[in-house]
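Report on the following structure.
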Amino acid sequence: MKQHQIIIALDGHSSCGKSTFAKRIAAEVGYAYIDTGAMYRAVTLACMEAGLFDQTDAPPEGEVERILKGITLDLKHNPELERTEIYLNGRMVEDRIRNMDVSEHVSYISTLAKVRRKMVEYQRELGASKGVVMDGRDIGTAVFPEAELKIFLTASPGVRAMRRYKELLEKGMPAELDQVRQNLEKRDRIDSTRKESPLKQAPDALILDNSHMTVDQQMDWFREVFNRTISPMDGAH
Ligand code: DC
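Dropping the structure here:
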């Protein structure tokens, strides 16, 4: 019997290992992994390349909307690298969007109602047939409030800054720990206080603080909650 497929919503702070955890979860249960942060980052890159940030850190929403209307976003699986990659107007930008310059501007772009509306619409289409692990900030609260399993991942700011710093260095990207931490704190602040779908825990989300956990320990925790979620559903069929 085919197992009942569900939506797994994974929300949480910046750089707390959401995407690593989400990818492992997706591989474990055989679901598709959808990184919604990549979508906001790709829109941000499009705005940067159109020069919207040349004179200001907060370009008017109308100008962002104009860019938004002219772009296409696609997610494609790359079997060689075993990863999903995001394409902006047909160009693979998966690596480019991780740079600090995009991180500097993405929180502003993701405060804009018109941007959020379009991204949420796209995300709902991608999750419509279930069997997805979707990571972001508002998946369990705004995109799929009916998701069967909601996880809210967090870790202390110091641990998160160090993880992000090491990740950037490993990728050969220049970084300063102080600057990385400041960027994280700024993004936390903007993400949690914005008017449109701020980052907050869904009341029915399970909280996991992974400050002192390995990925394997997180997976042990996940297996238990996944089985607990899925067993009554399979029993019902
Ligand atoms: O997960 P990330 O750091 O790649 O996300 C980049 C930014 O996008 C983050 O600062 C907040 C925003 N974001 C959002 O507002 N809603 C989401 N569902 C995902 C990301």
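When you line the sequence shown up against my numbering, it's residues -8 to 228, in that order.
Note that CB positions come from ideal geometry on N, CA and C, so glycine has one too.
Sequence-distant residues of the same chain with beta carbon closer than 7 Å to residue i, five excluded per side
i    : result
A133 : V111 and S188
Y24  : A13, K14, A17, T75 and V124
Delimiting residues of the alpha helix (DSSP H) encompassing residue i
i    : result
L160 : P148 to E161
H96  : M91 to I100
L175 : L168 to T184
T11  : K9 to V20
Where the beta strand (DSSP E) containing residue i begins and where it ends
i    : result
V124 : V123 to G127
A119 : Per DSSP, A119 belongs to no beta strand (DSSP E) and is neither H nor E.
N80  : From DSSP, N80 is part of no beta strand (DSSP E); its letter is neither H nor E.
L3   : Residue identity differs from the one stated: residue 3 is Gly in this sequence, not Leu. That run of the beta strand (DSSP E) goes I(-2) to G3.
T27  : First-last for T27: T27 to E40, but that is the alpha helix (DSSP H), not the beta strand (DSSP E).
Own chain partners of residue i with C-beta closer than 6 Å, once the 5 adjacent residues on each side are dropped
i    : result
E85  : E76 and I77
V171 : A152, R155 and Y156
Q192 : F143
Residue i at chain D interface by Cβ criterion, 8 Å
i    : result
E116 : Although the question refers to chain D, the structure presented lacks it and comprises just one protein chain.
8 Å Cβ shell around residue i - same chain, five flanking residues per side excluded
i    : result
V216 : L140, I142 and L197
T220 : I(-3), E139 and L140
Of the listed residues the options, nearest to residue i (C-alpha basis)
i    : options                   : result
V20  : L199, L190 and V124       : V124
N80  : A152, D65, R87 and L159   : D65
I62  : S5, E40, S183 and L159    : E40
S98  : D200, R185 and E52        : R185
V237 : G8, L117 and G3           : Given a span of -8 to 228 for the chain in the structure shown, any question on residue 237 remains unanswerable.
K109 : D200, T27, G149 and L160  : T27
E176 : M210, R89, N218 and V150  : V150
F135 : T145, P148, Q114 and S147 : Q114
**Item:** the segment 44 to 59 contacting the segment 86 to 106, beta-carbon criterion three pairs below 8 Å
**Value:** yes
**Message:** So, does the segment -8 to 3 touch the segment 64 to 72, judging by three or more C-beta pairs under 8 Å?
**Reply:** no
**Asked** Between the segment 114 to 124 and the segment 3 to 23, do at least 3 Cβ pairs fall closer than 8 Å?
**Response** yes
**Segment contact, 8 Å Cβ cut-off, at least three pairs: the segment 89 to 96 with the segment 34 to 53** = yes
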